[in-house]
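Accompanying notes for the structure given below.
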Amino acid sequence: MSTWMTKDTNRRDFLRLAGIGGVVFASALGATAAGAATKRGRGGYAARAKSDFYFVQLSDTHIGFEGPAVNPDAAGTLEKAIATVNALDEQPDFVVFTGDLTHTTDDASQRRERMKRFQGIAGTLRAKSVHFMAGEHDAAPDRGDVYQSFFGALHYTFDHKGVHFIVLDNVSDPGAIIGDAQLTWLQHDLARLKHDHPIVVLTHRPLFDLYPEWDWATRDAAATIAALEPFSNVTVFYGHIHQEHHHMTGHIAHHSAKSLIFALPAPGSVPKKAPIPWDASEPYRGLGARDVEAEVARADYELTELPVVRAGRS
Amino acid sequence: MAAALVALLGIVVIARLADAATAPAPATVVALTAQRFAYAPETIIAKVGVPLVLEITALDHDHGFNLPAFGVRADLKAGTTTRVEIVPDRIGSFAFHCDVFCGDGHEEMTGTLHVVE
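Chains as they are written, first to last, in the numbering used here: chain A, 292 to 605; chain B, 471 to 587.
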């Protein structure tokens, strides 16, 4: 047994035994949750190569939102989730926030105050690196002006241990449009990559028509997917819909994350989209973070859903 | 000669009646307003097969109108009226919504088109 396998297994055991690890989902091409369960059920994972890593996805924190009926702990939920992540024995290589860091406001000074408050809370993460992106609540009112003054560019790339991460902005245009300029930028970025290069796209809104009746779409998503289509190892992580959701467009996997403020119903499951009421018997139900284990050689991402608060703690 | 004239007149009348029978029904025009965070009215009733024209005035802010079931959308610029043409070719209730983010409450800016017999 390699050191890496031991370390990997220990981390997973810790997640499970500490009451942190939730449902596991494998994001390998064509893989299913059932497949992931089988893999786990066999009691082992392939030895983790030194190039493998894990990161944590947090999403839709909506700092500034107030709504006791859907989250009486709106002001404290992100801090609790960060405490859970900080308590992980092995810290993630990095953390990503997939948008809607703050709840929208027309008042620019209040927007700045909310961004500052969010920045202060996010600054308590132990992880050495944190990547941010905007949601429409952050960026649509002013096309991202205040957001950029706190967190930098709205779209950018970074590389980590052989995986190319692309952060796409589908929110600063209030019409949920990525736009020709950003699409051209994306095409130039992709042009230098081999077609089997592992690519992860991070964005806020779904890059496919998940449920347009609830505005769960990106208007020019098809052009974006067409640009990514020639690449064989592409996975998309996004937020916006306040729930876990998994979908394939061709060979491209799309995974949405839970929110850290309130949950929303499954697409089309109710006549009118509205936050799911808080359940006092099960606080923070439907909220949480995500652990993403990257197996670089296979461009495989195994997802473990993390609750806001570890079992047995409050 | 007179008989030929009458016959010709008859052909013309029959042709016009046939045209009238196949001509599309005149469109129903409905005026709406779009204002943060609601359309008024938020419920529209249309007859199946009868073209519908919505004249939507955005009163306070840029908004959008998106009716996915019929593949229809439009940008509604603040202070202007936008005509949206729909051919309701099937019966049912279909949701429409604002797809241009307009603030805290944007997600609630929705309505329903009921297409009836």
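All C-beta atoms in this analysis are idealised placements derived from N, C-alpha and C, irrespective of residue type, glycine included.
> For the stretch 386-413 of chain A, which residues have a CB atom closer than 8 Å to at least one CB atom of chain B, in sequence order?
Replying inline: Within the stretch 386-413 of chain A, the residues whose Cβ lies closer than 8 Å to some Cβ of chain B are 394, 395, 396 and 397, listed in chain order.
> Roughly how many angstroms separate the alpha carbons of residue 366(A) and residue 498(B), rounded to a whole number?
Replying inline: Numbered from its first residue, the first sequence carries residue 366(A) at position 75. Numbered from its first residue, the second sequence carries residue 498(B) at position 28. Taking the straight line from one Cα to the other gives about 50 Å.
>> For residue 585(B), count the other beta carbons within 10 Å of its own beta carbon; 16 or more makes it buried, fewer makes it exposed. Which is it?
In response: On the second sequence, residue 585(B) is found 115 positions in, with the first residue counted as 1. Looking at its Cβ environment, which holds 16 or more other Cβ atoms inside 10 Å, residue 585(B) is buried.
>> Going by DSSP in three states, residue 473(A) sits in which element: helix, strand or coil?
In response: Residue 473(A) sits at position 182 when you count from the first residue of the first sequence. DSSP places residue 473(A) in helix when its eight states are reduced to three.
>> Quick check: residue 511(B) and residue 524(B), are their CB atoms within less than 8 Å of each other?
In response: In the second sequence, residue 511(B) corresponds to position 41, counting from 1. In the second sequence, residue 524(B) corresponds to position 54, counting from 1. Result no, Cβ atoms of residue 511(B) and residue 524(B) do not sit closer than 8 Å.
> In terms of residues, what are the limits of the beta strand (DSSP E) holding residue 517(B)?
Replying inline: Working through the second sequence from its first residue, we reach residue 517(B) at position 47. In the DSSP assignment, residue 517(B) falls within the unbroken beta strand (DSSP E) covering 513-517.
> What residues from the stretch 526-549 of chain B come within 8 Å of chain A, judged by C-beta to C-beta, listed N to C?
Replying inline: Answer in chain order: 532, 534, 536, 538, 539 and 545.
> Going along the chain, which residues of its own chain have a beta-carbon closer than 6 Å to the beta-carbon of residue 423(A), five neighbours each way excluded?
Replying inline: Residue 423(A) sits at position 132 when you count from the first residue of the first sequence. Close CB contacts of residue 423(A) within its chain, under the 6 Å cut and outside five residues either way in sequence, are with 388 and 442 (chain order).
>> Output needed for residue 368(A): all residues of its chain with C-beta closer than 8 Å, excluding positions within five of it in sequence on either side, in chain order.
In response: What you label residue 368(A) is simply residue 77 of the first sequence in a count that begins at 1. Within the same chain, residue 368(A) has close Cβ partners 352, 362, 551, 552, 575, 578 and 599.
> What's the gap between the Cα of residue 391(A) and the Cα of residue 572(A)?
Replying inline: Indexing the first sequence from 1 puts residue 391(A) at position 100. Indexing the first sequence from 1 puts residue 572(A) at position 281. Taking the straight line joining both Cα atoms gives about 27 Å.
> Can the beta-carbon of residue 462(A) be found closer than 8 Å to that of residue 418(A)?
Replying inline: Position 171 of the first sequence, counting from 1, holds the residue named residue 462(A). Position 127 of the first sequence, counting from 1, holds the residue named residue 418(A). Not in contact: residue 462(A) and residue 418(A) (Cβ atoms no closer than 8 Å).
> In chain order, which alpha helix (DSSP H) runs of at least 4 residues are fully inside the stretch 560-586 of chain A?
Replying inline: For the alpha helix (DSSP H) assignment, the stretch 560-586 of chain A encloses no uninterrupted run of at least 4 residues.
> Around the C-beta of residue 671(A), are 16 or more other C-beta atoms found within 10 angstroms, so that it is buried, or is it exposed?
Replying inline: This structure cannot speak to residue 671(A), because chain A is shown only from 292 to 605.
>> What does the Cβ neighbour count give for residue 572(B), buried or exposed, with the cut at 16 atoms within 10 Å?
In response: Along the second sequence, one-based indexing puts residue 572(B) at 102. Buried, since its Cβ has 16 or more Cβ neighbours within 10 Å.
> For a contact meaning CB atoms closer than 8 Å, what does residue 504(A) contact in chain B?
Replying inline: In the first sequence, residue 504(A) corresponds to position 213, counting from 1. Those are 538, 539, 565 and 567, listed as they occur along chain B.
> Of all Cβ atoms in chain B, is any one closer than 8 Å to the Cβ of residue 498(A)?
Replying inline: Along the first sequence, one-based indexing puts residue 498(A) at 207. With 8 Å as the cut-off, residue 498(A) does not count as an interface residue toward chain B.
>> Checking 8 Å against the spacing of the C-beta atoms, do residue 454(A) and residue 492(A) come in under that value?
In response: For the purposes of this step, residue 454(A) is identified with residue 163 of the first sequence, where counting begins at 1. For the purposes of this step, residue 492(A) is identified with residue 201 of the first sequence, where counting begins at 1. The answer is no: Cβ separation not under 8 Å.
>> Can you check which of these residues, 484(A), 497(A), 485(A) and 451(A), is closest to residue 544(A) by C-alpha distance?
In response: Counted from its first residue, the first sequence places residue 544(A) at position 253. Taking residue 544(A) as reference, the option from 484(A), 497(A), 485(A) and 451(A) with the minimal CA-CA separation is 497(A).
>> On the DSSP bridge list, what partners appear for residue 348(A)?
In response: Here the question's residue 348(A) lines up with position 57 in the first sequence. In the DSSP output, where bridge partners are listed per residue, residue 348(A) has 387(A) and 581(A).
>> Applying the 10 Å Cβ sphere with the 16-neighbour rule, what's the burial state of residue 581(A)?
In response: Your numbering for residue 581(A) matches position 290 in the first sequence. When all chains shown are included, residue 581(A) counts as buried.
> residue 493(A) by DSSP, collapsed to three states: which one?
Replying inline: The residue you call residue 493(A) lines up with position 202 of the first sequence. When secondary structure is reduced to three states using DSSP, residue 493(A) falls in the strand class.
>> Just checking: is the beta-carbon of residue 557(A) within a distance shorter than 8 Å of some beta-carbon in chain B?
In response: Walking along the first sequence from the start, residue 557(A) turns up at place 266. With its beta carbon at least 8 Å from every one in chain B, residue 557(A) lies outside the interface.
>> Below 8 Å on the Cβ atoms is my contact criterion, and I expect residue 522(B) with residue 558(B) to pass it. Report the Cβ-Cβ distance as a whole number of Å.
In response: The sequence position of residue 522(B) within the second sequence is 52, counting from 1. The sequence position of residue 558(B) within the second sequence is 88, counting from 1. 6 Å between Cβ atoms; contact.
> In chain A, which residues lie with their C-beta within 9 Å of the C-beta of residue 513(B)?
Replying inline: Along the second sequence, one-based indexing puts residue 513(B) at 43. Listed by position along chain A, the residues whose Cβ is nearer than 9 Å to that of residue 513(B) form an empty set, because the closest Cβ is around 13 Å away.
> Leaving out five residues before and five after residue 520(A) in sequence, what residues of the same chain have Cβ atoms less than 7 Å from its Cβ?
Replying inline: For the purposes of this step, residue 520(A) is identified with residue 229 of the first sequence, where counting begins at 1. Setting aside the 5 residues that flank it on each side, residue 520(A) is surrounded in the same chain by 541, each with a C-beta closer than 7 Å to its C-beta; the list follows chain order.
> Taking buried to mean at least 16 other C-beta atoms within 10 Å of its own C-beta, is residue 503(A) buried or exposed?
Replying inline: Here residue 503(A) refers to the residue found at position 212 when the first sequence is read from its first residue. Buried, since its Cβ has 16 or more Cβ neighbours within 10 Å.
> At what residues does the alpha helix (DSSP H) containing residue 536(B) begin and finish?
Replying inline: Translated into positions along the second sequence, residue 536(B) becomes position 66. Residue range 533-537 is occupied by the beta strand (DSSP E) that includes residue 536(B), with no alpha helix (DSSP H) assigned at that position.
>> Tell me the rounded alpha-carbon separation between residue 338(A) and residue 590(A).
In response: As a working mapping, residue 338(A) is identified with position 47 in the first sequence. As a working mapping, residue 590(A) is identified with position 299 in the first sequence. Here residue 338(A) scores only 47 on pLDDT, less than 50, and its place in the model is too uncertain to base an answer on.
>> Taking only three categories from DSSP, how would you classify residue 600(A)?
In response: Sequence index remark: in the first sequence, residue 600(A) carries index 309 (1-based). Note: residue 600(A) maps to coil in three-state DSSP.
>> Please list, in chain order, the residues of the stretch 464-492 of chain A that have any C-beta partner in chain B closer than 7 Å.
In response: The stretch 464-492 of chain A vs chain B, Cβ under 7 Å: 465, 466 and 467.
> Which two residues bound the contiguous alpha helix (DSSP H) that contains residue 460(A)?
Replying inline: The residue labelled residue 460(A) in the question sits at position 169 within the first sequence. First-last for residue 460(A): undefined, no H or E at that position.
>> Would residue 451(A) and residue 428(A) be called neighbours here (beta carbons separated by less than 8 Å)?
In response: Taking the first residue of the first sequence as position 1, residue 451(A) is located at position 160. Taking the first residue of the first sequence as position 1, residue 428(A) is located at position 137. 8 Å or more divides the Cβ of residue 451(A) from the Cβ of residue 428(A).
> According to DSSP, is residue 524(A) helix, strand or coil?
Replying inline: As a first step, residue 524(A) is located in the first sequence; it is residue number 233 there, counting from the start. Assigned with DSSP and collapsed to three states, residue 524(A) falls in coil, not helix or strand.
>> I'd like to know whether the C-beta atoms of residue 587(A) and residue 594(A) end up nearer to each other than 8 Å.
In response: Walking along the first sequence from the start, residue 587(A) turns up at place 296. Walking along the first sequence from the start, residue 594(A) turns up at place 303. Result no, Cβ atoms of residue 587(A) and residue 594(A) do not sit closer than 8 Å.
>> Run through chain A and tell me which residues come within less than 9 Å of residue 587(B), C-beta to C-beta.
In response: As a position in the second sequence, residue 587(B) is number 117, starting the count at 1. Chain A residues near residue 587(B): none, gap ~22 Å exceeds 9 Å.
> What residues from the stretch 351-365 of chain A come within 7 Å of chain B, judged by C-beta to C-beta, listed N to C?
Replying inline: Correct list: empty, as no residue qualifies.
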